[in-house]
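Per the UniProt record's numbering, the very first residue in the sequence shown carries number 1; after that it's consecutive.
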Amino acid sequence: QSDLNSSRSKPLSDEQVWDIARQILRGLKYLHDNSVVHGDIKPNNILVSDDGMVKIADFGVSKMIKKDEMRIDTAGTPAFMPPELCGGEAYDGKLADMYALGATLYCIRCGHPPFVSTKGCTPAKNKLSSLYYRIQNDPITFTIPVAEGLTNLLEGLMKKNPTERINLLGAMKHYWLQRRPNVSNIEAPCCPLIHSYYNKVEITDEDILLSIHRIKADHVSPDTSVESVKHSDTIGQVRPAQWHNVRVMGGIESERRLRIFHQQASLKTHSFAAIPKKNQVPNALQVACDYSDGSDESDNFCDSPGGISQVGDKEFDLVMNTLSQQPKINNIHLRTDEAILDANIGSVTGGAIFSTLGIRVSHHIARGSRLDQEDRVTLVQDMSELLPNKSTSSPMRQYGYFAVFDGHNGYRCANALHERFHFDLISQFMALGDMHKAIDTACREFDKFICQGLRQESDTSGSTGLIILLDSLNGKLTVANVGDSRCVLSRGGAAMVLTTDHRVTNNTERRRIIARGGNIKNNRVNGVLAVTRAFGDVQHKDIGDGKHNIIDPIPDISSYDIQNALDEFLVLASDGLWDIMLPQQVVNFVRKSLSVKKQHNNIDLITKNVVNEALRLGSVDNVSVVIIIFNNKK
């Protein structure tokens, strides 16, 4: 079967659109009757089987709603979002589905979305902002001749004012759908069977997660023993005579297209010749997690250093890709865990022992429901091992280095940070002699370097950065952050957040973005980026000296004295964890796990369980977690 992605297909005929519209409406009727809004109707999510049966796919941003409930979350595909969602207003999910249906039918009939961004609009000015403006203000125009009845239906489905928009039942009864083009009248698309004919199935969050993470599924052959229903309106039975002209992709090609569509980065198979290789020091990297998923499932997409080459126009992909949103954290009250850990911390097993630092470290990474693993983790026990001429008297010998890089729109930027940022940092420290200045300078200089390489590759990837330096000699912790990964310290069981999230929900960050000429749409910078500071992301940065960058890589840097009697452990993690679990919730989870003797206090198992808990609660992002246990020299 194939999807209806029209970026490389000629427009379908009125008769083909007629058949597809009727089948989609019946599917939406069933969903809406069961209080489900799809949230991302578009050509790529409409599958057509060899015999013309239409299926609605990809329920990644779908929601269960209550009667008359208005949605406020931002999710969906920009080119198919209704005006009210583009404007950041509360919206009716069912009417949003109807608008997206209208935009989808327009797209497959005319060969392109109903609205595109203004030509000549540069990335810095943001193509999405231009697209949102046109969706909210421009009238619908047709670039090719379209049947009068279909024109009337599409204009009704895509009304700017949602209260004037055709609802689902109105669309099903629309006069154009009652008569196949050039054929006599037939009955309207029927409603789903009455309740006595079907059983309602309850699906739990656990069922959904198991479905998402299942590696292999048994192949089920279609049941050809059931006798075909003779009614002319049966799904898949009434289809245009021209269906044999619709190109249907094979299974391999369909999977390849799906991978390319979801790949956010612009990558080339020979890529990143611009990044010089540094001398590798394997012994220094006691633990270095770069591509591995860390879960039990294989990640074939991350093993290739060249990544996946993009097919087609990036501007089209920008407005055709889904903007997904993490589930919200439940509003729960948490108290500090009162469990006593003094007797258990020293008996922790597993992980990597960093003897010179007196700590034990473990990490775990899961891809989650993403198709690609874009997170990177780097852990270094002794920074002096990275120097060309190793010296036991080097001031870097006392420092351990721990970093989490959360990539987005591809892994190229995060991978470069993983491979060389620690080298850049040690060079700056040896030159400046001050760790805060070294981190700040290294971040700025690395960003200039990486942006130059990304522009040469036409790569729009970016990454956050969480960098931790542990000074074992002086008992100090230096925390630097760019983006929204977090470092949380358990001090006597109380969660202390040592970083500040660089997001538009932070009023200081929001004002800074606007002052630099950026805009905020749907709680994203220029309608695209969830963070306000990042490495890479060349589409939001000035080619010159960087003074006019909308986002920048300038880190927040703080230092803390380690209190041996109180400080128990650190949790470093990407936003895939913090978007779904509160800091105190994570600290309580780890402490309770440490107190369970049957686990033998194995830190590797505990770290993996933290990641799995985030996935169980509904995290849809990559999840990377590092746990550092203090006062553990065994």
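Even for Gly, the Cβ is constructed at its ideal location relative to N, Cα and C.
{"Check": "CB of Ile629 within 8 angstroms of CB of Ile603, strictly", "Outcome": "yes"}
{"Check": "Contacting residues, own chain, Cβ-Cβ under 8 angstroms from Asn564 (five flanking each side not counted)", "Outcome": "Gly475, Phe630, Asn631"}
{"Check": "One or two residues paired with Ser362 in a DSSP bridge", "Outcome": "Ile627"}
{"Check": "Backbone secondary structure at Gly351 - three-state DSSP", "Outcome": "coil"}
{"Check": "Member of Asp50, Ser49, Ile20, Gly52 whose CA lies at the smallest distance from the CA of Ile41", "Outcome": "Ile20"}
{"Check": "Sufficient close CB pairs (3 or more, under 8 angstroms) joining the segment 146 to 160 to the segment 96 to 109", "Outcome": "yes"}
{"Check": "Three or more C-beta pairs below 8 angstroms linking the segment 470 to 488 and the segment 550 to 557", "Outcome": "yes"}
{"Check": "Spatially closest choice to Thr356 from Val525, Gln136, Ile65, Tyr399, by CA coordinates", "Outcome": "Tyr399"}
{"Check": "Secondary structure of Ile20, DSSP reduced to three states", "Outcome": "helix"}
{"Check": "Buried or exposed (CB count within 10 angstroms, at least 16 for buried), Gln584", "Outcome": "buried"}
{"Check": "CB of Tyr99 within 8 angstroms of CB of Met172, strictly", "Outcome": "no"}
{"Check": "Alpha carbon of Ile514 to alpha carbon of Thr460, nearest angstrom", "Outcome": "22 angstroms"}
{"Check": "Residues of its chain near Met64, where Cβ-Cβ distance is below 8 angstroms and the 5 sequence neighbours each way are ignored", "Outcome": "Ser35, Val36"}
{"Check": "Proximity below 8 angstroms, CB of Lys541 to CB of His364", "Outcome": "no"}
{"Check": "Cβ contact check for the segment 375 to 390 and the segment 499 to 509: 3 or more pairs under 8 angstroms", "Outcome": "no"}
{"Check": "CA-to-CA distance, Phe449 to Lys66, given in whole angstroms", "Outcome": "50 angstroms"}
{"Check": "Helix, strand or coil at Ile543 [DSSP, three-state]", "Outcome": "coil"}
{"Check": "Alpha-carbon spacing of Asp579 relative to Asn161, whole angstroms", "Outcome": "33 angstroms"}
{"Check": "Cutoff 8 angstroms; reference Ile551; Cβ partners in own chain excluding five residues on either side", "Outcome": "Ile513, Gly518, Val525, Leu529, Val531, Thr532, Arg533, Ala534, Asp537, His540, Lys541"}
{"Check": "Residue interval of the beta strand (DSSP E) (run including Glu568)", "Outcome": "567 to 573"}
{"Check": "Inter-residue CB distance, Leu572 and Ile468 (contact presumed, cutoff 8 angstroms)", "Outcome": "6 angstroms"}
{"Check": "N- and C-terminal bounds of the alpha helix (DSSP H) containing His422", "Outcome": "412 to 432"}
{"Check": "Asn145 classed as buried or exposed, judged by whether at least 16 other C-beta atoms fall within 10 angstroms", "Outcome": "According to the sequence displayed, residue 145 carries Pro and not Asn. Per the 10 Å Cβ criterion, exposed."}
{"Check": "Contact under 8 angstroms by Cβ, Ala438 with Phe446", "Outcome": "no"}
{"Check": "Spatial distance of Ser169 from Lys521 (CA atoms)", "Outcome": "The sequence given here places Leu at residue 169; Ser does not occur at that position. Using only the alpha carbons, I get a separation of about 32 angstroms."}
{"Check": "Beta-ladder partner(s) of Met396, from DSSP", "Outcome": "Its beta-bridge partners do not exist; DSSP assigns none."}
{"Check": "At least three beta-carbon pairs within less than 8 angstroms, the segment 370 to 382 to the segment 405 to 425", "Outcome": "yes"}
{"Check": "Continuous beta strand (DSSP E) assignments of at least 3 residues falling wholly in the segment 40 to 126", "Outcome": "46 to 48, 54 to 56"}
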